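First the structure, in the form of structure tokens, and then the observations on it.
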Amino acid sequence: MEMFDLTLVWAFIIGFGIMMYVLMDGFDLGLGILYPFAPDEDARDVMMNSVAPIWDGNETWLVLGGAGLLGAFPLVYSVFLPALYIGVFLMLAGLIFRGVAFEFRFKSRRNRRWWNRAFCWGSAVAAFAQGAVVGAYIQGFPVENFAYVGGAFDWLTPFSVLTGLGLMAGYALLGATWLILKSEGHVQDWAYKITPLLLALVLFVFAVISLWTPFVNPRVWERWFGNIQLIWVFPFAALACAFVVFRSVQKRREGVPFLATIGIYVFTYLGLIVSKWPVIVPPDYTLWDAASSPESQLFLLVGMVFVIPIILTYTAWTYWVFRGKVRVGEGYH
Amino acid sequence: MELDPLVLSRLQFAFVVSFHAIFPVFTIGLASYIALLHGLFFKTKNPAWDRLSLFWTKVFAVVFGMGVVSGIVMSFQFGTNWSNFSQASSNFLGPMLSYEVVTAFFLEAAFLGVLLFGRGKVPQGVHLFAAIMVAVGTFISSFWILSANSWLHTPAGVELVDFRFHVTSWSEAIFNPSFPYRFMHMAVASFLTGGFVVAGVSAWFLLRDRDPDANRRALSMCLWLLLFLAPTQAVIGDFHGINTLEHQPTKVAAMEGHWETSGNVPLLLFAIPDQEAQTNHFELAIPNLASIILTHSIDGEVPGISEAAPEEQPPVLIVFWGFRVMVGIGLLMIAVALTGLVLRRKGRIYDKRLFLKGLTAMIPMPFVAVLAGWIVTESGRSPWLVYGMMTHAEGLTPSLTGPMALFTLIGYALVYGVVFYAGIYYLTRVVRNGMLPEEERDTTDENFKRPMRPMSAAHTPFDDDVDPVRS
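Those protein sequences? They're chains H and P, same order as listed. Going letter by letter, the first sequence gives residues 1 to 333 in my numbering. Going letter by letter, the second sequence gives residues 1 to 471 in my numbering.
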């Protein structure tokens, strides 16, 4: 047991799981957010078809993260969920509606308009709630005796509203660049057109959040302007990625915008982690305070060692099977 | 009126779990049935088995899809409303639930797609293998869930230190004393549910003369199965009851409506338990029968509800009547299965219309029985969340207020109401459309091109009006 720090291993697994979730469900939620702005119903078909075979695999990372947190970092689970009680409900309700919309939109004629709305609103609400979670995490939670003691709407501040809107914009950008990759013709033209606008919006919101964060959380201030200068690598790397997105859209590259957008996310995420490390339940509790017993972490790790590679392989395989463009008027065979 | 977060949270949990539970309890049995149909087709090459497995796979797809959607909520319920409990029990329950997620995912990811979309595309043997793996996967999934649930009833292999459970023995905790009985009881309940639904739908098809060749086979198979399973379930239930008497005597006393500890306990057929007066009204009883059932001796002593202090007693009225509903339906099931045997002797199970109609009417019954049984066992644990170690009140989220709990309760009810309505509507369309000759089915070509999603496999349009968006 002293050979390696199980808690660190689990921090890596959970961190990786969250990253996977944000990137993968990010672009399919983003398509839902862009839904009302789509040029026509054919474009909506293409948008939904481009993620229909993979979205529930993407969402599995969320369920896996929820259960994994309970197993490895129960304090996170038992503080975050009560603190974000209303937000969690809104997120789940949103995810359910959009999940059902995937099925019924194509089978429905009379009510297609309603399933369009369910897909759009469900995605938007879920994305906003997730963004607000990030904001609430940056702010910190009042905790006494290992239990959350704040009110129902403590998480809902101007700051968390901004992070919620910021994540919506970010997901929409992921969705738009994904659509560039997966579509052609007038749908792709539209995606090319909106990507720079979304990028500008994302950069603006991220800039405001970055300026605001040190004032919300003094500890972050200390870290940013203290002696760890390496931390400045991340925002610059993210900016470089944003520049690549901008240039590659101008040159009408198809794959690069999506990959570079992922880059923006990865570096922002790493920057957030480094700003907070090793605090996991802000302001007071570290990874090790929040961990479950080593026996439980080890018992669960045995299973994960087998299952995570299988999930990754399977995920890669489905993406491979469903590679290529989605055309108007046809799904996958 | 004061809104009590404890009552509302329990109501919410009961609602969400009940809603979710009716799907897996059906899919577990149905998955095995589909695997069996695949096996029969593989062995005999008789196309009737293939037609049956195609139809039931469509039903499976819709029900499984609904189960998945409602299941997402479950993994967050412990944290939102029962954070103290999840914090305390995470060392054991965290790994259990995680293993459930990863094994269920493993099944879904690897084999469900092949089962739903591989027909005619992969070799028959591979398709059969996928069907078997899906069936096995549903059992692995229920293994973890029932182990976790049983542990709440008969906690073992742990010690409680500073309001936190620490696992001292994984094997004792996972295979806790009530687990084998609960697992068997639920497994057989799943097969009974699947059996009665398949029998009822086959009977409905026979009444309409749709594919009589295949549906006669299905009905006959089901009736043999039910003839074996319905009485078996009664025996397992009996063993489960004796196990409960050993570990949770107050629950059994509430099921029997038995207040004071005594011997020669009668079996109450009817009574209105009065918790305040700690007695029953309007009793109708068979002398000594409860003693015989519970202790297997004519004058065996059975502990009474009043052994527990009033504040530690479960809600007797609910437990008492829930138990009677479950057992009543169980007896009805045995009666139906025996009727089938009698009619079979005369070769009339396929054309006795009253019997076929009766079978169709039985379709909702196993679901009612499962929910009633679940209410008995869960309410019977009250006020304990972890039996004898932690109460519901202790496990509740401290920051939770009544209005918050009410808001989400209503919210989930609305969300699930919409989902359930759409799902049942779609399911009835799939069944109405089922077992018709190819040319009479209303399928649209478009639907065959839909990508891999459980419900997409059902190939049935949701409504058939014109498209207002495009036209």
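The beta-carbon is built from N, C-alpha and C at its ideal position, and this holds for glycine as well. Computed from a prediction, not measured in an experiment: that's the story for all the values here.
Own chain, CB closer than 6 Å to residue i, minus 5 neighbours either side, in chain order
i: serine 379 of chain P; result: Pro314, Pro315, Ile318, Val319
i: asparagine 176 of chain P; result: Ser150, Trp151, Thr154, Ala156
i: serine 248 of chain H; result: Val256, Pro257
i: alanine 238 of chain H; result: Ile264, Phe267, Thr268
i: phenylalanine 270 of chain P; result: Leu284
Partners in chain H for residue i, counting only beta-carbon separations shorter than 7 Å
i: histidine 166 of chain P; result: Ser293
i: alanine 422 of chain P; result: Val100, Phe104
i: valine 419 of chain P; result: Ile96, Val100
i: proline 95 of chain P; result: Gly71, Ser296, Phe299, Leu300
Closer than 7 Å at the beta carbon, the chain P residues around residue i
i: threonine 60 of chain H; result: Phe105
i: glycine 99 of chain H; result: Val69
i: valine 63 of chain H; result: Ile72, Ser75, Val101
i: glycine 66 of chain H; result: Ser75, Phe76
i: leucine 29 of chain H; result: Within 7 Å Cβ-Cβ: nothing; leucine 29 of chain H doesn't reach chain P, min ~14 Å.
Residue i: contacting residues in chain H (beta-carbon distance under 9 Å)
i: glutamine 87 of chain P; result: Pro74, Leu75, Tyr77, Ser78, Val79, Phe146, Ala147
i: leucine 152 of chain P; result: By Cβ distance, chain H contributes nothing, its closest Cβ being about 15 Å from leucine 152 of chain P, past 9 Å.
i: threonine 57 of chain P; result: None at all; the shortest Cβ gap to chain H is about 16 Å.
Under 8 Å from the C-beta of residue i: neighbouring residues of chain H
i: valine 73 of chain P; result: Leu92, Ile96
i: glycine 65 of chain P; result: Glu103
i: arginine 84 of chain P; result: Just to set this straight, residue 84 of chain P is asparagine in the shown sequence, not arginine. Result: Ser78, Ala147.
Own chain, CB closer than 7 Å to residue i, minus 5 neighbours either side, in chain order
i: valine 9 of chain H; result: Leu301
i: alanine 298 of chain P; result: A small correction: the amino acid at residue 298 of chain P is isoleucine; alanine does not occupy that position in the sequence shown. So the list reads Asn288, Ser291, Ile292, once near-sequence residues are dropped.
i: threonine 391 of chain P; result: Pro383, Trp384, Leu385
i: isoleucine 329 of chain P; result: Met365, Val368, Ala369
8 Å Cβ shell around residue i - same chain, five flanking residues per side excluded
i: glutamine 278 of chain P; result: Trp259, Ile305, Ser306, Pro310
i: histidine 240 of chain P; result: Ser178, Tyr181, Arg182, Met184, His185
i: lysine 449 of chain P; result: Any reading at lysine 449 of chain P must be qualified, since the residue scores a pLDDT of 48, below 50, and its modelled position is unreliable; the value itself is stated next. Here the set comprises nothing.
i: glycine 150 of chain H; result: Ala83, Phe141, Pro142
i: leucine 337 of chain H; result: In the structure as shown, chain H starts at 1 and stops at 333, and residue 337 of chain H therefore has no counterpart that could be examined.
i: glycine 329 of chain H; result: Asp42, Asp45
i: phenylalanine 420 of chain P; result: Phe19, Met66
i: asparagine 217 of chain H; result: Ile138, Gln139, Gly140, Pro282, Pro283
i: isoleucine 308 of chain H; result: Ile13
i: valine 88 of chain H; result: Leu81, Ala129
i: aspartate 238 of chain P; result: Ile293
Beta carbon proximity, residue i to chain B, threshold 8 Å
i: isoleucine 138 of chain H; result: Looking at the structure shown, chain B is missing, and the protein chains on hand are H and P.
Contacts that residue i makes with chain P (C-beta to C-beta distance below 8 Å)
i: isoleucine 14 of chain H; result: Per Cβ cutoff of 8 Å: no residues; isoleucine 14 of chain H is ~11 Å from chain P at best.
i: isoleucine 86 of chain H; result: Met404, Phe407, Thr408
i: glycine 57 of chain H; result: Ala109
i: glycine 324 of chain H; result: By Cβ distance, chain P contributes nothing, its closest Cβ being about 13 Å from glycine 324 of chain H, past 8 Å.
i: phenylalanine 89 of chain H; result: Thr80, Phe407, Thr408, Gly411, Tyr412
Cβ separation of residue i and residue j, assumed to be a contact under 8 Å, to the nearest whole Å
i: isoleucine 14 of chain H; j: leucine 69 of chain H; result: 6 Å
i: isoleucine 322 of chain H; j: isoleucine 86 of chain H; result: In the sequence under discussion, the amino acid at residue 322 of chain H is phenylalanine, which differs from the isoleucine named in the question. About 36 Å; that fails the 8 Å criterion.
i: tryptophan 178 of chain H; j: phenylalanine 258 of chain H; result: 6 Å
i: alanine 393 of chain P; j: serine 9 of chain P; result: Not quite, the Cβ-Cβ distance comes to about 10 Å (not below 8 Å), so this is no contact.
i: lysine 357 of chain P; j: leucine 219 of chain P; result: Not really, about 13 Å apart at Cβ, beyond 8 Å.
i: leucine 97 of chain P; j: alanine 148 of chain P; result: 7 Å
i: isoleucine 34 of chain P; j: phenylalanine 60 of chain P; result: 6 Å
i: threonine 261 of chain P; j: glutamine 12 of chain P; result: About 35 Å; that fails the 8 Å criterion.
i: leucine 223 of chain P; j: glycine 340 of chain P; result: 4 Å
9 Å Cβ cut-off: residues of chain P touching residue i
i: isoleucine 311 of chain H; result: Val102, Phe105, Phe106, Ala109
i: proline 39 of chain H; result: Those do not exist, as proline 39 of chain H stays about 13 Å from chain P at its closest Cβ, beyond 9 Å.
i: proline 36 of chain H; result: By Cβ distance, chain P contributes nothing, its closest Cβ being about 13 Å from proline 36 of chain H, past 9 Å.
Next item on the list: Please confirm if the stretch 291-307 of chain H is in contact with the stretch 77-93 of chain H, defined as three or more CB-CB distances below 8 Å between the two stretches.
Entry: no
Check: How about the stretch 45-61 of chain P and the stretch 1-16 of chain P: do they share at least three Cβ pairs that are nearer than 8 Å?
Finding: no
Check: So, do the stretch 160-167 of chain H and the stretch 175-188 of chain H have three or more beta carbon pairs nearer to each other than 8 Å?
Finding: no
Notebook entry, point to check: Taking one C-beta from the stretch 183-190 of chain P and one from the stretch 242-256 of chain P each time, how about it: are there three or more such pairs within less than 8 Å?
Noted result: no
Next item on the list: Residues of the stretch 150-168 of chain H with a CB closer than 8 Å to any CB of chain P: list them in chain order, please.
Entry: Gly150, Gly151, Ala152
Notebook entry, point to check: Going along the stretch 166-198 of chain H in order, which residues come within less than 7 Å of chain P, judged by CB to CB distance?
Noted result: none
Check: Any residues in the stretch 169-182 of chain P with a beta carbon nearer than 7 Å to a beta carbon of chain H? Which ones, in chain order?
Finding: Trp170
Check: the stretch 279-309 of chain H: which residues have C-beta closer than 8 Å to a C-beta of chain P, in chain order?
Finding: Ser292, Ser293, Glu295, Ser296, Phe299, Leu300, Gly303, Met304, Val307
Next item on the list: Tell me, please, whether the stretch 213-232 of chain H touches the stretch 243-254 of chain H by the rule of three or more beta-carbon pairs shorter than 8 Å.
Entry: no
Check: Residues in the stretch 112-131 of chain H with C-beta within 7 Å of chain P's C-beta atoms, listed in sequence order?
Finding: Arg112, Arg113
Note to self: Any contact between the stretch 168-177 of chain H and the stretch 96-110 of chain H? By contact I mean 3 or more CB pairs, one from each, below 8 Å.
What the structure shows: no
Checklist line | Members of the stretch 250-279 of chain H near chain P, C-beta cut-off 8 Å | finding: none
Margin query: Closer than 8 Å is the cut-off here; do at least three beta carbon pairs connect the stretch 157-167 of chain P with the stretch 87-99 of chain P?
Written below: yes
Note to self: Assess contact between the stretch 16-29 of chain P and the stretch 73-84 of chain P, defined as three or more Cβ pairs (one per stretch) separated by less than 8 Å. Is contact present?
What the structure shows: yes
Check: Should the stretch 25-32 of chain P be regarded as contacting the stretch 407-425 of chain P, the criterion being three or more beta carbon pairs within less than 8 Å?
Finding: no
Notebook entry, point to check: What residues from the stretch 385-399 of chain P come within 9 Å of chain H, judged by C-beta to C-beta, listed N to C?
Noted result: Thr397, Pro398, Ser399
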